[in-house]
Each structure stands twice: as C-alpha cells, then as structure tokens.
Amino acid sequence: MPAIFVPIAVFLAFILSGVIARVLATLGLGIATYYGVQALVDELRGAVASAFGDVGADAVAIVALLGIDEAMTIILSAYVAVLTLNGIRNGVRKIIPFAGD
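Residue numbering for the sequence shown follows the numbering used here, beginning at -15 and increasing consecutively.
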C-alpha cells in the first residue's frame, strides 16, 4: 500500500516546489518595491525639508498651522502604499494568471 503513495508524494513535491518558489519570488518583488519606493520617498522628503530651510520662520509656522506638512506626509504615504500594492499584485498575477482581472 505505501508504494502507491510514493508517486503521489513525488507529484505533490514537484507541484508545491514551483508554487513555493513563485510565492517567495512575489514576496521578494513586493519587498524590493517597498524599499525602492521608500528610498525615493526619503529622498523627496529630504529635498522638501531642505527647501523649507530657506523659508523664514513665519512662513514655516503658517505652513504648520495649515497642516500642509501633515498633508504632504499623508500623500506620500498613499503613494508608497499604492506602489507597494501594485508591485505585490503584479507578482500575484504571475503566480495566479487570472487574479485581479
């Protein structure tokens, strides 16, 4: 009876190894996308902060009172989230051909 399970085990190992490799590749793509976009956002945030360094103290206080700095943080965070999710979603489409259509 155990001889019947050997071909089944070999078949399952063959199928699952490909799926596991694809899942790990997708996760790697999502992580790489996240860190790449995060580096870009950090660079942009540094550029904005250096641009605010040239502005007078009164203008910076007005910007802070209006909440423009918080709005820029929210917008940049939304871009990071969208780009990361797109990177993961594109990887999932490679694993499951009709996912997300």
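Cβ coordinates follow ideal geometry from the N, Cα and C atoms, glycine included.
Sequence-distant residues of the same chain with beta carbon closer than 7 angstroms to residue i, five excluded per side
i, result
"A65", "none"
"D85", "Model confidence at D85 stands at a pLDDT of 49, short of 50, so the residue's coordinates are unreliable and nothing is read from them."
Own chain partners of residue i with C-beta closer than 8 angstroms, once the 5 adjacent residues on each side are dropped
i, result
"A45", "none"
Nonlocal neighbours in the same chain, by C-beta distance under 6 angstroms from residue i, ignoring five residues either side
i, result
"V25", "L60, V64"
Cβ pair residue i, residue j closer than 8 angstroms
i, j, result
"T68", "V21", "yes"
"D38", "V47", "no"
Where the alpha helix (DSSP H) containing residue i begins and where it ends
i, result
"D38", "Careful: D38 lies outside any alpha helix (DSSP H) and carries neither H nor E."
Selected residue, minimal CA-CA separation from residue i, among the options
i, options, result
"R73", "L(-4), F(-2), V7", "V7"
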